[in-house]
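Protein chains in written order, with my numbering: chain A, 63 to 222; chain B, 17 to 328; chain C, -4 to 748. Each residue gets a CB set at the ideal place from its N, CA and C atoms; glycine is no exception.
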Amino acid sequence: MSKMHVTTTINGEPVEFLCDPAASMLEVLRGPLGLTGTKEGCGTGDCGACSITLDGRLVCACLMLAVEAEGREIGTIEGMAEGDHLHPLQRKFLEMAALQCGICTPGVLMSARALLEKNPDPTEEEVRFGLAGNLCRCTGYDKIVRAVLETAAEMRGAAR
Amino acid sequence: MHRKRPGGLWRAANGPRGEWTSSMTNIRYLAPQTLEEAVAAFAAAAGAARILAGGTDLLVQMRAGVAKPGTIIDIKKIPEMTAIEDLGGGAFRIGAAVPAAALAEHPTFGKAWPGVLEAISLIGSKQVQGRASPGGNLCNASPAGDSVPAMVAAGAVVTIQGPAGRREMPVEKVPAGPGRTNLAPGEIVVSFTLPARPKGSGDAYLRMIPRTEMDIAVVGCGVNLTMEGGVVTAARVGLGAVAPTVLLVEEAARALIGTRLEEEALEAAAAACRAACRPINDKRGTIAYRIRVAGVLLKRAAAIAARRAGGN
Amino acid sequence: MNDMTNKWIGQRTIRPDGADKVTGRAQYSADYAMPGMIWGKILRSPHAHARIRSIDTSKAEALPGVKAVVTAKDIVDFPVDKSVMLGIQDMRWMCRNVMAREKALFHGHPVAAVAAINEEVAAEACSLIEVDYEVLPHVIEIEDAIRPDAPILHEWNRFEGKPSNITGTMVLRAGDIEKGFAEADIVVERTFRTRPVHQGYIEPHACTVSCAPDGHVTIWSSSQGQFMVRAMTSLLTGIPQSNIRAIPAEIGGGFGGKTIIYLEPVAVMLSKKSGRPVKMVMTREEVQRATGPAPGILATVKMGAKKDGTIVAAEGTFYLQAGALPGAPLRGPVGCSFAAYAIPNVLSVGYEVCSNRSKVAAYRAPGSPQGAFAAECVLDELAEKLGMDPLELRIKNSAKPGDKAIYGPTFGQVTFRETIEAIRNHPHYTAPLERNPRPGVKRGRGVASGFWYNAGGESSVQVNITEDGNVVVTTGHPDVGGSRASIANVVAELLGIEHSRVNVIIGDTMTIGYSNLTGGSRVTFASAMVATASTERVIGQLRERAARIWGIDPEAVKWEDGMALPAGDNAGRFPPLSLAELAARANEMGGPIGTQVQLNTTGADPGFATHCVDVEVDVELGIIRVIRYTAAQDVGRALHPGYVEGQIQGGVVQGIGWALSEEYLYDSKGRVDNPSFLDYRMPVCSDVPMIEPVMLEIPNPKHPQGVRGVGEAPIVPPLAAIANAVHDALGKRFYALPMSPPRVIERLEEAAE
């Protein structure tokens, strides 16, 4: 049983770990790296609870081998806030009650941030399709969509 | 009836023992920098290796115990496999491992091939889009793979590299059946070449899924048209999820060529699609339903392709 | 009832657990690890129905890295001839659900379990366990299971003198239905079918347990009740409750499905036998195959009305799946389907049917949505035949205060009518709807109502004042949807202090008094009641302390805006004493300030809801989409409006999935064919529109804050509301769910009725 050594960057910090060649990024994040903010809802890429970024691109951590992180940049929910400054999306979600049990929330926030980075002025439909890869069973999505739209407006206002 | 046998975690009646076992830790992972290395390693593994592009099928299959590769060959470090080249005149070469999101971000690809782009962009969620590739979608050989009907309609040609060298193949010849391709042992799909677009060309891809996203296509239909003066001068139709492989429905194309896409022509093409279907009943759709939908989608996709062709 | 000043109550405050949830810090069931921990895995039956003749675990035990193996021998047996109840759960079935005993009763039924140094070794060990099965014929669907020649799951069970898969019945009646139907001018009778649907919580079941050498057990898991976890684990393992500490993790959704346990007793026995902490996490596949969905129903409902719209008789026959073991929520359809209406003659009969599928578990108003689907569709048809507006028909027949409910008690306040009127008066109901907007597309509008009992039950809360004058509230209920936020609102309001000074945490079984499950729409109702009582007692203590400092009578002290003040000029002139000042002097003035209140809360009155929905149908493909949804419900008082709205919106969208796309599919071997989120199709964000909640705040007089339980009623009306809207669009009624595209096309292609 030979593990592979991986050197990568997670949330801007250098990280090294050993892992099985067949281990998924999700297993390694949650296990040896102790970054349990990324959740496993299904393990097959159908629920988005494990959404992370790989070189800035939104992916499911369960669909990526941990060894693929070599030399790349991984972003997780733990890196979304800056110190004690919540990202506007995180703040809005709390203000607008856009979460109930909260298990899907890290994945939804990662997706929403990726969406707004690509499209700072989305329509409701664009938000809904942009978040279609994130299942939420508690909220019915209404407040999530509103929070993303309002954050987009706020961020556009701040950018001016 | 007595039956005494060892228990696996999830035992299908004929399943092998120990699906999710320590074979995991004996897997080798390689990330070659050149195609030659990749082909050599793939051939040397003699069927015990799997190619890793986006991993959106492979990892799911490994987790389910359906795929148990001895070696995983990650091809994403090979420049040819991740390049998108605009060859001018609408022609493109797309590396087999290009993620869908990269194609969507490309400045000119979507203008030339909106149908192929929308087909690739329908594979899964935004997260899956960040990884899923046309090569993986094709070689996974699911009858329902979204990109394939549009690639077939586009007349895409794949470039393949193997131990015997390089060759080309029309994309519709690659799938052999569910989960099987016509690639020879050791061969890897390297890129897709889409031909130059004559003026007045447009393509479209539609699929039927029960939800608005996230489902495997119940039926997928790609239509590629060239029109001159309102008359169809060239057409190709690809139909997915209605047969063991994606179908190139030549009968449907013939029904459209030379017409102005009048209702009779569309109906004839739709009927050709329905006749070409050999679907199954499964958890995603029934035979009767799939046949009906094939005809409906043909008409709708043709109308969109025509609008796009008219705009060019 | 206290004075509602609206400083915090009714405000959209930030929930106390919020920052942890949006930063990934919050710890859910699978996020925990203990030093020295090993991994548990379950071996599951590959057969839908089989007698277990023997289990040989020797090869598994011999595999290097395996630390313990568990079978049914390690789980306490509850013989089938003696019922032992824990709440509504019968331990005879729970012990067999957690680990198969005589028989494997469904594909995926746990048969053994292994704990090993990692998951791979545990899985390999499972594959080395040799089980001698005698495979038996299986049966899945209700209609097949009640046939005289059906394979019988439980040989000891008799119904009407014969071996049967019907393991329970329930009958409610009023008046004389024969007489009633004889008086009716119009009678409608229809038969309805729904499929099982899963609660669909995104968080799979998981637990980490540690069994120390002295027999003390710590369980770390998410559930809808840590006291249930403790009690059930105790019963199933034989370990005394006082030796078990069940600590509630944050919970990633439950909806009723986590009011029982699957893993904890097995993990505890693995931990006991191995001497190591054990972690077990279900895969999504295991959740879908082997944890309780909500039952499918086969229901026949017949209702009769006079020409003027008075409903004179109603009869319902409800066959509800129980799954592999007895225990279907018969009280749902039998009691709720007609409950909101004053119908003089009613016969409501339920049968629970066992078949070789996983044992059902509670799902938001268990059984009521299925019954409402039938009754509310029949009502719609009745209205159509009477030429009456469907809302008017409901208003005309609404139950009234003082009416005797079909399920027994006399109604106090009944706010059903108000929900119907709220829809009738809502712009949605009268908004123009283009029924044929373009070729191939039709639109329609439908309404339906729903009823749910709600519950009170035991609740404990501690309110403690910290040395620096802030507040820690410890509650006994897991928080599924923001109940901590509501409790913080209540306590801050009553104490008159800044919301941010109130911290709410959830205690475990050793740190807080007994509290009943989070479920039954009761957690805000019950915990707000005890939080109110507790805070009022603390205020009493604070007034006493101030009185002592000032040397006056406590009666002469009032508490306002976070301060003790003399009650009037006669009491004397003293500068106010703030909470912080009193806290600072607590120890010298008599000790820490705080209290615990434990109550068996009562006064939970039912939930009433009426919904209106617009649908759009692509008639060539048979795809139905919801394009507008309005849901009216009496919530009593919305302590935190954001989270009350959220309950309504979430329940509605679950109902949309239930109506349109969710169902269990089985293959010919009795195995679930769609055990993944790919093919078990729950609504995604782009599938649904905004859901407009209309919260009627008619204070519940039996609650100090006016609260009425809200969590469950929202899922009851959508099935019928959507079916009624589809009928409006297509002119065809659907008597089976889900209304998936192939079924819609089939129905459209049928000859007109």
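Rounded straight-line distance, which links the Cα of M277(C) to that of I88(B): If you number the second sequence from 1, residue 88(B) lands on position 72. If you number the third sequence from 1, residue 277(C) lands on position 282. So the alpha carbons of these two residues sit roughly 27 Å apart.
Neighbourhood of P736(C) by C-beta distance below 7 Å, restricted to the same chain and skipping five residues each side: The sequence position of residue 736(C) within the third sequence is 741, counting from 1. If the five residues before and after P736(C) are omitted, its C-beta is found closer than 7 Å to the C-beta atoms of L616, G617 and I618, all from its own chain and listed in chain order.
Do you know how far the Cα of P678(C) is from the Cα of L191(A)? Numbered from 1 along the first sequence, position 129 holds the residue referred to as residue 191(A). Numbered from 1 along the third sequence, position 683 holds the residue referred to as residue 678(C). The identity of residue 191(A) in the sequence shown is Phe, whereas the question assumes Leu. If you draw a straight line from the Cα of F191(A) to the Cα of P678(C), it is about 12 Å long.
Assign I47(C) to one of two classes, buried (16 or more other C-beta atoms within 10 Å of its C-beta) or exposed (fewer than that). Sequence index remark: in the third sequence, residue 47(C) carries index 52 (1-based). With 16 or more other Cβ atoms from the protein chains shown falling within 10 Å of its own Cβ, I47(C) counts as buried.
By the 10 Å Cβ neighbour count, where 16 or more other Cβ atoms means buried, how is I83(C) classified, buried or exposed? Your numbering for residue 83(C) matches position 88 in the third sequence. I83(C) is exposed by the Cβ-count criterion.
How would you label T70(A), buried or exposed, when you count the other beta carbons within 10 angstroms and need 16 or more for buried? Start at 1 with the first residue of the first sequence, and residue 70(A) comes out as number 8. T70(A) is buried by the Cβ-count criterion.
Inter-residue spacing [alpha-carbon to alpha-carbon] between R91(C) and E267(B): On the third sequence, residue 91(C) is found 96 positions in, with the first residue counted as 1. On the second sequence, residue 267(B) is found 251 positions in, with the first residue counted as 1. Going by the C-alpha atoms only, they are around 59 Å apart.
Return yes when the C-beta of V312(B) is under 7 Å from any heavy atom of the ligand COA, and no when it is not. This structure lacks the ligand COA; in fact it carries no ligand of any kind.
Under DSSP, the beta strand (DSSP E) around R438(C) begins and ends at which residues? Here the question's residue 438(C) lines up with position 443 in the third sequence. Under the DSSP assignment, R438(C) falls in the beta strand (DSSP E) whose first and last residues are V436 to W447.
Give a yes or no on whether 8 Å exceeds the smallest Cβ distance from E140(A) to chain C. In the first sequence, counting from the first residue as 1, residue 140(A) sits at position 78. Residue-level contact check: E140(A) touches chain C, since one or more beta carbons of chain C fall below 8 Å from its beta carbon.
Could you tell me the boundaries of the beta strand (DSSP E) in which A604(C) lies? Taking the third sequence and counting its residues from 1, one reaches residue 604(C) at position 609. G602 to D613 is the span of the beta strand (DSSP E), which, as asked, contains A604(C).
Give a yes or no on whether the C-beta atoms belonging to Y23(C) and E198(C) are separated by under 8 Å. Locating residue 23(C) in the third sequence gives position 28, where the first residue counts as 1. Locating residue 198(C) in the third sequence gives position 203, where the first residue counts as 1. It is a contact, given that the beta carbons lie within the stated cut-off.
Verify the CB distance criterion: does I165(A) have a CB-CB separation below 8 Å to chain C? Here residue 165(A) corresponds to residue number 103 of the first sequence, with the count starting at 1. It does; some Cβ of chain C falls within 8 Å.
Can you tell me where the alpha helix (DSSP H) holding S529(C) begins and where it ends? As a working note, residue 529(C) is residue 534 in the third sequence. Counting along the chain, the unbroken alpha helix (DSSP H) around S529(C) starts and ends at V518 to W545.
Might you give, ordered along the chain, the residues of its own chain that have their beta carbon closer than 8 Å to the beta carbon of A14(C), omitting 5 neighbours on each side? Walking along the third sequence from the start, residue 14(C) turns up at place 19. Same-chain partners within the cutoff: R20.
Does the CB of A112(B) have a neighbour CB from chain A at under 8 Å? Locating residue 112(B) in the second sequence gives position 96, where the first residue counts as 1. Taking 8 Å as the threshold, the shortest C-beta distance from A112(B) to chain A does not fall below it.
For the segment 63 to 127 of chain A, which segments carrying the alpha helix (DSSP H) assignment without a break, of at least 4 residues, lie completely within its bounds, in sequence order? Runs found: 87 to 92.
Close Cβ partners of T175(B) (< 7 Å) along its chain, the five nearest in sequence each way excluded: To locate residue 175(B), count along the second sequence from 1; it is residue 159. Contacts found: R182, E184, V206, S207 and T209.
Given a cut-off of 8 Å, decide if L116(A) and G394(B) are closer than it, judged by their beta-carbon atoms. As shown, chain B starts at 17 and ends at 328. That puts residue 394(B) outside it, with no answer to give.
Taking beta-carbon pairs under 7 Å, can you tell me which members of the segment 191 to 209 of chain A lie near chain B? Result list: F191, G192, A194 and G195.
Suppose you measure from the CA of T312(C) to the CA of A378(C); what does that come to, to the nearest Å? Start at 1 with the first residue of the third sequence, and residue 312(C) comes out as number 317. Start at 1 with the first residue of the third sequence, and residue 378(C) comes out as number 383. Rounded to whole angstroms, the gap between the alpha carbons of T312(C) and A378(C) is 21 Å.
Given this structure, state the Cα-to-Cα distance separating M181(C) from A356(C), to the nearest angstrom. Locating residue 181(C) in the third sequence gives position 186, counting from the first residue. Locating residue 356(C) in the third sequence gives position 361, counting from the first residue. Here residue 181(C) turns out to be Ile, not Met, going by the sequence shown. Linking I181(C) to A356(C) through their CA atoms gives a straight-line distance of about 38 Å.
What residues from the segment 363 to 392 of chain C come within 9 Å of chain B, judged by C-beta to C-beta, listed N to C? The residues in question: there are none.
Mind checking if T106(A) is an interface residue toward chain B, Cβ cutoff 8 Å exclusive? As a first step, residue 106(A) must be located in the first sequence, where it is residue number 44. With 8 Å as the cut-off, T106(A) counts as an interface residue toward chain B.
Measuring only between beta-carbons, confirm whether P94(A) sits less than 8 Å from chain B. The count along the first sequence starts at 1 and reaches residue 94(A) at position 32. At a cut-off of 8 Å between beta-carbon atoms, P94(A) makes no contact with chain B.
Inter-residue spacing [alpha-carbon to alpha-carbon] between F792(C) and F187(C): Only positions -4 to 748 of chain C appear in this structure, which leaves residue 792(C) out of reach.
Give a yes or no on contact between the segment 54 to 69 of chain B and the segment 195 to 205 of chain B, applying the rule of three or more CB pairs nearer than 8 Å. Judged by Cβ distances under 8 Å, the segment 54 to 69 of chain B makes contact with the segment 195 to 205 of chain B, as three or more pairs qualify.
On the three-state DSSP scale, how would you describe I137(C)? Reading the third sequence from its first residue, position 142 is the one you call residue 137(C). Note: I137(C) maps to helix in three-state DSSP.
Please specify which runs of the alpha helix (DSSP H), each continuous and at least 4 residues long, are wholly inside the segment 541 to 595 of chain C, giving them in chain order. As far as the segment 541 to 595 of chain C is concerned, its whole alpha helix (DSSP H) runs of at least 4 residues are 574 to 579.
Quick check: is the beta carbon of G103(A) nearer than 8 Å to any beta carbon in chain B? On the first sequence, residue 103(A) is found 41 positions in, with the first residue counted as 1. For G103(A), the answer is no, since every Cβ of chain B falls outside 8 Å of its Cβ.
Same chain, Cβ closer than 6 Å to D51(C), neighbours up to 5 away in sequence not counted: Position 56 of the third sequence, counted from the start, is the residue given in the question as residue 51(C). Taken in chain order, the residues that qualify are E125.
M298(C) and A289(C) look like a contact to me (Cβ under 8 Å); what is the Cβ gap, rounded to whole Å? Along the third sequence, read from residue 1 onward, the residue named residue 298(C) stands at position 303. Along the third sequence, read from residue 1 onward, the residue named residue 289(C) stands at position 294. Rounded, the Cβ-Cβ distance is 24 Å, inconsistent with contact.
Partners in chain B for V679(C), counting only beta-carbon separations shorter than 8 Å: Here residue 679(C) refers to the residue found at position 684 when the third sequence is read from its first residue. Those within 8 Å of V679(C) in chain B are R227, T228, E229 and M230.
Near-chain B residues of the segment 164 to 184 of chain C - C-beta to any C-beta below 9 Å: Correct list: empty, as no residue qualifies.
Any idea what DSSP makes of G645(C), helix, strand or coil? As a position in the third sequence, residue 645(C) is number 650, starting the count at 1. Three-state result, G645(C): helix.
In chain order, what residues of the same chain have a beta carbon less than 6 Å from the beta carbon of A292(B), not counting five sequence neighbours either side? Within the second sequence, the letter at position 276 stands for residue 292(B). So the list reads L263 and V265, once near-sequence residues are dropped.
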